[in-house]
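S.K.: Numbers in my numbering are just positions in the sequence shown, counted from 1, shifted up by 936.
The beta-carbon is built from N, C-alpha and C at its ideal position, and this holds for glycine as well.
The structure follows.
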Amino acid sequence: KIKRISLTYSFDFKGNHFVILNTDEVGLETEVNNDWIEKDISKAKASGIKNIFAFSHIPAYAPSDMYRVGEQIGHPSKFWEILNKNNVTAMFSAHVHVYNRRQPVAGKTWMVITGNGGSPLDDKAGADKQFYGYTWVRVYKSGRIILENMGRDIPKQGYLAPVGDIKTILRDSAEISLL
């Protein structure tokens, strides 16, 4: 059996700290180890890291219009409190098959769901969320962090149809810097 901690880890790259969380362990789906996360992030902050990004399959908060049991991390308020307290820039996840960007607490950690690729989109998503796409995040030396979500319309023939001449365009852009 693979131990949970081996699939939950962190690393630093060019002055940024990345926390990778396993939210899909069989029998423990949606659970995260808050104690480990808090110690890891605190250690990164103490070392002078400026930007921290968390990644998981299951989001901390699913879009409110699409929430179902199992669509977000169990007990998200404690987890989110740790991210906010430590000025984590953003958490990126998927699971919910849409793109969604929000800041649950103004001026604090961003929750970005980038699940709008790889399978049919969630049928509860509004028309403005019915597109396939991907997300770029650019971290500049100046401290600015720019997020861009690129997307294309769904082919009329459905999910498995060839893309053809459907253009990929900018669907969302925001500065997500907290500094």
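Are the CB atoms of Phe989 and Thr1025 within a distance shorter than 8 Å?
M.R.: Position 89 of the sequence shown, counting from 1, holds the residue named residue 1025. Position 53 of the sequence shown, counting from 1, holds the residue named residue 989. Closer than 8 Å, so yes.
S.K.: Hey, quick one: how far does the beta strand (DSSP E) through Leu957 stretch, first residue to last?
M.R.: In the sequence shown, counting from the first residue as 1, residue 957 sits at position 21. Taken as a continuous stretch (DSSP letters only), the beta strand (DSSP E) holding Leu957 covers 952-957.
S.K.: From the DSSP output, in three-state form, read off Asn969 for me.
M.R.: For the purposes of this step, residue 969 is identified with residue 33 of the sequence shown, where counting begins at 1. Coil, per DSSP.
S.K.: Looking at the unbroken beta strand (DSSP E) that takes in Asn1036, where does it start and where does it end?
M.R.: Along the sequence shown, read from residue 1 onward, the residue named residue 1036 stands at position 100. Segment 1035-1038, the beta strand (DSSP E) holding Asn1036.
S.K.: Leaving out five residues on either side along the sequence, give the residues of the same chain with a beta carbon under 8 Å from the beta carbon of Asn1020.
M.R.: Sequence index remark: in the sequence shown, residue 1020 carries index 84 (1-based). Here the set comprises Val1041, Lys1044, Thr1045.
S.K.: Give a yes or no on whether 8 Å exceeds the smallest Cβ distance from Ile1018 to chain C.
M.R.: The structure shown contains no chain C, having only a single protein chain.
S.K.: Can you tell me whether Val1099 is buried or exposed, with buried defined as 16 or more other CB within 10 angstroms of its CB?
M.R.: Position 163 of the sequence shown, counted from the first residue, corresponds to residue 1099. Exposed is the call here.
S.K.: Grouping DSSP H, G and I as helix and E and B as strand, with all else coil, what is Asn1020?
M.R.: Along the sequence shown, read from residue 1 onward, the residue named residue 1020 stands at position 84. Helix at Asn1020.
S.K.: Would Pro995 pass as a contact of Ser946 if the rule is Cβ separation under 8 Å?
M.R.: Here residue 995 is taken as the residue at index 59 of the sequence shown, counted from 1. Here residue 946 is taken as the residue at index 10 of the sequence shown, counted from 1. Result no, Cβ atoms of Pro995 and Ser946 do not sit closer than 8 Å.
S.K.: Given that a residue counts as buried once 16 or more other Cβ atoms are within 10 Å of its Cβ, and exposed if not, what is Ser1097?
M.R.: By one-based count along the sequence shown, residue 1097 stands at place 161. Here the sequence assigns Ala to residue 1097, which means Ser is not the residue at that position. So Ala1097 counts as exposed.
S.K.: Let me know if Ala980 comes out buried or exposed under the rule of 16 or more other beta-carbons within 10 Å of its beta-carbon.
M.R.: Along the sequence shown, read from residue 1 onward, the residue named residue 980 stands at position 44. With 16 or more other Cβ atoms within 10 Å, it is buried.
S.K.: Where does Leu1114 sit, in a helix, a strand or coil, going by DSSP?
M.R.: Indexing the sequence shown from 1 puts residue 1114 at position 178. Of the three classes helix, strand and coil, the one that applies to Leu1114 here is coil, per DSSP.
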